[in-house]
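Chains as they are written, first to last, in my numbering: chain S, 7 to 410; chain Z, 21 to 428. Here a beta-carbon is modelled for each residue, glycine too, at the ideal position from N, C-alpha and C. Only one structure is covered here, and it is reproduced in the block below.
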Amino acid sequence: MFDDSNIIAGLEIGTSKICVVVGEQNPDGALNIIGIGQARSRGVRKGEIINPEQVEEDLRAAMFEAEQMADVEIRSVYLGVSGGHVRGFNNRGVHPVVSADREISQDDVEDVVKNAKAINLPADNTVIHAVRQHFFVDGQDGVTNPVGMLGARLEVDMHVIHGHANRLQNVVRLVRATSLEVDDVVFNGIATSLALLSNEQKELGALVIDIGGGTTEFVVYSNGVIRHSGVLAVGGDHVSNDLAFGLKVPLSRAEKLKIEYGAALVNDAVKGQTISITNELGLELKRLNHEHLQKIMSLRLEEIFQLIAHELESAGLTDYLRAGVFLCGGGSRVPGIVKLAENVFQMNVAPGHAAAISGLTAALEQPEFAAAIGLVKYGSLKQNRKRTQRPFYKGLIGRLLQRS
Amino acid sequence: MQTPETTQAALLESPAGSSQPVVRIFGVGNAGIAMLGTLALPEFAAAQFAVINTDAASFAASPATVKIHLDNKLLRGLGSGGDPERGRALAEEQFSTLKSACEGANVIFILAGLGGGAGSGISPVLAKAAREAGALVLAFVTLPFDCEGNRREAQAQQSLEQLKSAADGVICLPSQKVFKLIDENSTLLETFRVTGGFLIEGVRGVWHLLTRPGLIQVHFADLCALLRDRHAENAFAFVEASGAGRAREVVENILAHPLLDEGHALAESDAVLVSLTAGKDLTMAEINRVMDQVKRQCSHAQIIMGAAVDAAMKDKLCVTVIAARQNAAPTSVSARAETHTTGAGSGGIREVVMSRTPQRRKGIAKPIQEQLPLTIVSKGRFDKSEPTKHNGQDLDVPTFFRRGVPLN
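Encoded structure:
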């Protein structure tokens, strides 16, 4: 509808904050970030909406801030989704080439992709993304575009990311209720990796981990294509909750302690040290063991990494990550988290930066905004493609709109 | 028929005797040593006795061959003063001594009275040392009377928890339950003798299982299979009767036994060990009658049974029942006990003997309902949200809690 518009907005409804990033696309296709807006999120838990009214209120606040800053009116957004129900896996589709001359046509390619998407999903799940990895022509590996080649048997490997249809639709409906259009629904992990990874890094092989408030997304790229993705419904909220339980303090206090005193590894300097909690008059209420605080945090964060490492190991991808591991999200701010990740993954770990885009450096430096920036980038890539190609797929949003 | 004495002698001498497990009995603390003293009977001649205490004076009358006196400068030989932390610290200090005292034994019995300093403090450490030395550890302990005060009660409970996690099995006798068995005029000494006597009966029951050649033999391996790594709390009862209706009387006494909660302990147990001993006139029908009733009470449990003939018993029938339960769930007891009604007959006994084969165990174990964990962990803000399950773990529960990392 708004294809001619050069304003692209990315919206991420996260567990700890709702974040809008506005980008402007130059006529030559370059992307510039011109505004951000954020609001504390109160109606989301583990990446899923539990109180729509509150989310709507927070969403309006974040939108207002972004519109003010960018001085534009946002009419449509690219919406990031996540949650424990989102899963990714690889699937292969097969299609026999039937034409007399055995030349592979565009129709053959579309057929084989359709076959690869026809998978055994649970009844109420829907596909969010189906990304082509590569084609095989008569068993020949690594073909990126088979149109025009000769062959009898065309196969394709696809990475399919799917999620619970109703839960995805809930978010879309909520956004549309605030009189915004949803251009497309994008898995947060894909958006984050778009923001962080350069093409070279994707080629070398990289793992992106986005440690958010309620969920942790991870995506693996290798040979330039997405190889694996997933969501753990565990994040910073769990760290705070563990602290509240272990140190016997209220959750709000645990949250503050986490930010002020937290670390991903137990620091030798804090052994035997205590933290005193004071009330507003400066009187001491309680003393806490600093070492315990860091130990509880360390165990939780280590477990998150271990679960991911285990999953990659069983997928046989550990040896393909030559560019290393990239961390982002609020969790990547924890001191020592890089070191902890290095210990678990035994490879190079770096905090990720949204490097490949120009604009507000203040926004680009923040690890929390990676997903929303990535959404804008996704939008710009998609609109570039639309300009140059015929719009041959309508994406998930078309299907969701039809259903609602 | 062999008398107990000749049996023991034969066991010690014959090469087959080497397959007999080496049993070492430790008395820990004053109460433990007193109980060990009453065990100095000819039938226990094959067992090795050892005593451990913080107070050297208590060793004097003990028949034990090994006497370990735990002391350091701080205590100046005055004992632990009722503080289990001191006992524990001492025992941990001399962990290697305890471990070497346990070397070479297959089964170690620990006798102790919990609630004081030495018994409560040392027993869990000793159990740990014995496990590390490779022995199967069974603890026979008493809990204090209610009138002894809250502190001793709390210390005893804490120690019991530690023992349960350190030992393979704990047979525990809450002294308060003994009140139901004694009359108003019993003296204090008598009462303690009764309490100790119950534990001794427990020891004797297991001992008989291990050493007596029986009609239906219980092997050491069976006992290990029942107890090893269960860390269970056990209830036990020892009953005897004589005369014509002895089988019926024994069954009635078991089902009414206060230590088995009037038979409820059987219903909620997941493994039951039954040992019958009688004179030469023991009949199969009697075994059948007893086992059939026991089996009816604990339809879900794995049953290990042993029967032995002892000429010295004349016309007495003694039955020792040890019921192991992992987590007591008292609410479901009555419902479970009622559901099972099987026909009597010779089939009963065959099933019990068969129950020692693993396949049969599985079959019996299958219908056990899952029990709720005793400690309920609050999941804080995730209490009402959909749980995050990963390979059967609930990731919403704090990691340090799931991994059992201590914070102290």
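Within 8 Å, strictly: CB atoms of residue i and residue j
i, j, result
"GLY211 of chain S", "ARG138 of chain S", "no"
"ILE134 of chain S", "ILE167 of chain S", "yes"
"ALA70 of chain Z", "ARG44 of chain Z", "yes"
"LEU193 of chain Z", "THR215 of chain Z", "yes"
"ALA239 of chain S", "LYS52 of chain S", "yes"
"VAL382 of chain S", "VAL78 of chain S", "no"
"VAL118 of chain S", "GLY99 of chain S", "yes"
"VAL355 of chain S", "VAL344 of chain S", "yes"
"GLN313 of chain Z", "VAL271 of chain Z", "yes"
"VAL143 of chain S", "LEU127 of chain S", "no"
"VAL417 of chain Z", "LYS399 of chain Z", "yes"
"VAL162 of chain S", "ILE110 of chain S", "no"
First through last residue of the alpha helix (DSSP H) which encompasses residue i
i, result
"LEU170 of chain Z", "This sequence places Asn at residue 170 of chain Z; Leu is not what is there. Counting along the chain, the alpha helix (DSSP H) containing ASN170 of chain Z begins and ends at 170–186."
"ILE265 of chain S", "257–267"
"MET75 of chain S", "58–76"
"ASN205 of chain S", "205–210"
"PRO278 of chain Z", "Here PRO278 of chain Z belongs to no alpha helix (DSSP H), and DSSP marks it neither H nor E."
"ILE128 of chain Z", "Per DSSP, ILE128 of chain Z belongs to no alpha helix (DSSP H); it is in the beta strand (DSSP E), 127–133."
Alpha carbon of residue i to alpha carbon of residue j, nearest angstrom
i, j, result
"HIS410 of chain Z", "LEU90 of chain Z", "47 Å"
"GLN300 of chain S", "LYS292 of chain S", "17 Å"
"ALA187 of chain Z", "PHE160 of chain Z", "10 Å"
"LEU4 of chain Z", "ASN57 of chain S", "Nothing can be reported for residue 4 of chain Z: it is not among the residues displayed for chain Z, which extend from 21 to 428."
"ILE53 of chain Z", "ALA60 of chain Z", "11 Å"
"VAL214 of chain S", "ARG179 of chain S", "29 Å"
"PHE421 of chain Z", "THR367 of chain S", "41 Å"
"ILE363 of chain S", "LYS23 of chain S", "22 Å"
"ALA15 of chain S", "VAL245 of chain S", "31 Å"
"GLY136 of chain Z", "ALA84 of chain Z", "21 Å"
"HIS91 of chain S", "VAL226 of chain Z", "53 Å"
"GLU371 of chain Z", "ASN176 of chain S", "For GLU371 of chain Z, the pLDDT reaches just 35, beneath the cut-off of 50, and the residue's location in the model is therefore unreliable, leaving the point undetermined."
"ASP301 of chain Z", "LEU56 of chain Z", "32 Å"
"ASN194 of chain S", "ALA72 of chain S", "20 Å"
"GLN207 of chain S", "SER228 of chain S", "8 Å"
"ALA321 of chain S", "VAL226 of chain S", "11 Å"
"VAL259 of chain Z", "ILE128 of chain Z", "24 Å"
"ILE88 of chain Z", "ILE72 of chain Z", "5 Å"
"ASN96 of chain S", "SER235 of chain S", "10 Å"
"GLY424 of chain Z", "ALA45 of chain S", "38 Å"
"PHE351 of chain S", "SER338 of chain S", "15 Å"
"GLY43 of chain S", "VAL149 of chain S", "42 Å"
"PHE79 of chain Z", "ALA285 of chain Z", "36 Å"
"LEU415 of chain Z", "SER295 of chain Z", "45 Å"
"ALA197 of chain S", "ALA378 of chain S", "7 Å"
Close-in-space but distant-in-sequence residues of the same chain around residue i (CB under 7 Å, 5 per side omitted)
i, result
"ALA429 of chain Z", "Not covered by the structure: residue 429 of chain Z. The range shown for chain Z is 21 to 428."
"GLU30 of chain S", "ASN12, ILE13, ASN38 and ILE40"
"GLU152 of chain Z", "LYS119"
"ARG306 of chain S", "HIS244, VAL245 and ASP248"
"PRO104 of chain Z", "GLY137, SER140, GLY141, GLN175 and SER179"
"ALA121 of chain Z", "ALA70, VAL86 and ILE88"
"ALA364 of chain Z", "Annotation note: pLDDT 37 at ALA364 of chain Z (below 50); position unreliable, coordinate value reported separately. Once the five neighbours on either side are set aside, the close Cβ partners of ALA364 of chain Z are ASP312."
Neighbourhood of residue i by C-beta, 6 Å cutoff - its chain only, sequence neighbours within 5 removed
i, result
"THR361 of chain Z", "Caution applies to THR361 of chain Z, whose pLDDT of 35 falls short of 50 and renders its modelled position unreliable; the value that the coordinates give is listed next. So no residue of the chain qualifies."
"ALA321 of chain Z", "SER289, ASP290, ALA291 and VAL292"
"ASP335 of chain Z", "SER262 and GLY299"
"ALA269 of chain S", "GLN300, PRO341 and GLY342"
N- and C-terminal bounds of the beta strand (DSSP E) containing residue i
i, result
"PRO194 of chain Z", "189–194"
"GLY278 of chain S", "Note, GLY278 of chain S: premise wrong, no beta strand (DSSP E); not H, not E."
"ASN73 of chain Z", "68–73"
"HIS234 of chain S", "231–238"
"GLN44 of chain S", "37–46"
"ASP147 of chain S", "146–149"
"SER140 of chain Z", "First-last for SER140 of chain Z: 138–152, but that is the alpha helix (DSSP H), not the beta strand (DSSP E)."
"MET228 of chain S", "For the sequence presented, residue 228 of chain S should be read as Ser rather than Met. From DSSP, the beta strand (DSSP E) with SER228 of chain S extends over 222–228."
"ASN131 of chain S", "131–143"
Cut-off 8 Å between Cβ atoms - residues of its own chain near residue i, not counting five sequence neighbours on either side
i, result
"LEU202 of chain S", "VAL214, PHE332, CYS334, GLY358, HIS359, ALA360, ALA361, ALA376 and GLY380"
"PRO164 of chain Z", "GLY133, LEU134, GLY135, ARG172, GLU173, ALA176 and SER195"
"THR280 of chain S", "ARG293, LEU294, ASN295 and HIS296"
Task: alpha helix (DSSP H) runs contained entirely in the region 302–327 of chain Z, provided each spans 4 or more residues - done: 304–317
Open item on the list: Please give me, in chain order, every unbroken run of the beta strand (DSSP E) with length at least 3 that falls completely inside the region 75–129 of chain S.
Closed with: 82–87 and 93–102
Task: alpha helix (DSSP H) segments (min. 4 residues) lying fully within the region 275–357 of chain S - done: 296–320 and 343–351
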